[in-house]
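First to last, the sequence lines map onto chains H and L.
Numbering follows numbering that gives the first Met the number 0, with no gaps: position 81 of the first sequence is 80.
Numbering follows numbering that gives the first Met the number 0, with no gaps: position 89 of the second sequence is 88.
C-beta atoms are modelled at their ideal positions from N, C-alpha and C, and glycine is treated no differently.
There are 2 protein chains.
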Amino acid sequence: MNISQVAKRAGLPAKTIRYYEDIGLVRPARGDNGYRSFSDQDVHKLTFLSRARALGFSIEDCRRLLALWEDTDRASSDVRSLAQEHLSRIEAKIADLAAMRETLSTLVQACQGNDRPDCPILRKLGNTP
Amino acid sequence: MNISQVAKRAGLPAKTIRYYEDIGLVRPARGDNGYRSFSDQDVHKLTFLSRARALGFSIEDCRRLLALWEDTDRASSDVRSLAQEHLSRIEAKIADLAAMRETLSTLVQACQGNDRPDCPILRKLGNTP
DNA sequence: GATAAAGGTTCCCCTCACTGGAAGGTCAAG
DNA sequence: CTTGACCTTCCAGTGAGGGGAACCTTTATC
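Below, the structure written as structure tokens:
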């Protein structure tokens with residue numbers, strides 16, 4: 000299968016698939032014309048990667064997940080702890096963003112938003128305590 | 000004032016302050032020895048930037064906010080709409096992350112996390128629908 | 001058979017907001 | 001005088017690709 004077919008099936012841009020080959024996540028065969036020739040297993044792998052990325056796993060996490068996926072002797076605890084750590088990072092990020100949201104939303108509500116210069120947002124940012 | 004003093008007061012790494020000069024956010028004077036010499040106003044600006052960055056504003060947003068801050072004839076509506084757009088982006092990001100969190104948390108809970116290979120997380124990622 | 005369009009390839013630079021480190025100049029203390 | 005802390009510039013790298021040039025192959029059409 001050629002790259003654009005695979006791109007459609009896996010839900011990834013062709014550029015991304017080439018990049019994933021570059022960094023060693025997939026190793027598609029090559030045809031005589033130099034084109035990449037993807038097996039069904041390659042496609043399956045790329046679909047896996049696409050889903051893992053969509054869940055926010057980093058590329059390095061994806062590499063580890065892929066290795067676990069291919070290792071039929073894995074321990075599910077290894078997968079679970081990887082996912083748990085990622086979940087914790089996501090929760091931390093949500094907490095950070097939620098704090099920003101609170102502050103921003105308060106400030107936006109306090110700002111008149113008219114043509115006068117007075118603005119609580121700038122006051123907050125420029126305040127010399 | 001020298002850079003490391005300013006770094007402490009503004010709560011920014013010295014490297015970051017140099018970077019902000021590079022991209023034209025601040026223009027500290029220079030002493031005869033070539034050292035940057037920051038005025039109180041420079042420090043005030045950098046503190047402003049530090050706070051705006053802490054609220055998640057991009058550098059380009061910060062540039063605009065700084066311009067508005069320095070423009071005493073600004074309209075508060077300009078500030079407000081900038082902040083409102085940023086708030087919307089943050090809320091979108093939170094929604095994305097919350098969706099990931101839901102999926103991940105469900106999967107993590109479903110995984111036994113023992114030394115057997117069976118794992119719902121990998122099943123979900125590798126599922127061929 | 002000629003040609004044009006579509007798809008493939010590599011290669012290099014760009015993003016964002018810094019961060020690390022090397023090589024070297026300056027300053028204050030002992 | 002030397003040591004160490006501070007300052008300077010410049011170069012390279014981060015994560016995860018994206019844009020685009022230059023060029024090759026396949027396919028469809030005339």
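In angstroms with no decimal places, state the Cα-to-Cα distance between residue 88 of chain L and residue 54 of chain H. 19 Å
Contact under 8 Å by Cβ, residue 86 of chain H with residue 103 of chain L: yes
Quickly, what does DSSP pair residue 28 of chain L with across the bridge? List them, please. L:36
As assigned by DSSP and simplified to three states, the class of residue 115 of chain H: coil
For residue 59 of chain H and residue 95 of chain H, the rounded distance between their alpha carbons: 23 Å
What's the gap between the Cα of residue 114 of chain H and the Cα of residue 67 of chain L? 12 Å
Can you list, in chain order, the residues of the region 83-103 of chain H whose Cβ is nearer than 8 Å to any Cβ on chain L? 83, 85, 86, 89, 90, 92, 93, 96, 97, 99, 100, 102 and 103
Chain-ordered neighbours of residue 107 of chain L on chain H, where CB pairs are closer than 8 Å: 79, 82, 83 and 86
Looking at C-beta atoms only, is the number of pairs between the region 116-125 of chain L and the region 68-75 of chain H that lie closer than 8 Å three or more? yes
Taking the alpha helix (DSSP H) that residue 77 of chain L belongs to, which residues open and close that run? 75-109
Give the secondary structure of residue 142 of chain H by DSSP, where H, G and I count as helix, E and B as strand, and everything else as coil. Outside the modelled stretch of chain H, which goes from 0 to 128, sits residue 142 of chain H, for which no answer is possible.
Around the C-beta of residue 41 of chain L, are 16 or more other C-beta atoms found within 10 angstroms, so that it is buried, or is it exposed? buried
Note down the Cα distance separating residue 99 of chain H from residue 83 of chain L, rounded to an integer number of angstroms. 12 Å
Tell me which residue opens and which closes the alpha helix (DSSP H) that residue 22 of chain H is part of. First-last for residue 22 of chain H: undefined, no H or E at that position.
Which stretch, first to last residue, makes up the alpha helix (DSSP H) that contains residue 3 of chain L? 2-9
Of the residues L:90, L:2, L:93 and L:108, which one's Cα is nearest the Cα of residue 79 of chain H? L:108
For residue 36 of chain L, which residues from the same chain have a beta carbon less than 8 Å from its beta carbon, with the 5 sequence-adjacent residues on both sides left out? 0, 1, 27, 28, 29 and 30
Contact list for residue 111 of chain H against chain L, beta-carbon separation under 9 Å: 75, 76 and 79
Residue 63 of chain H to residue 56 of chain H span [Cα, whole Å]: 10 Å
Quick check on the burial criterion: 16 or more other C-beta atoms within 10 angstroms. Buried or exposed for residue 46 of chain L? buried
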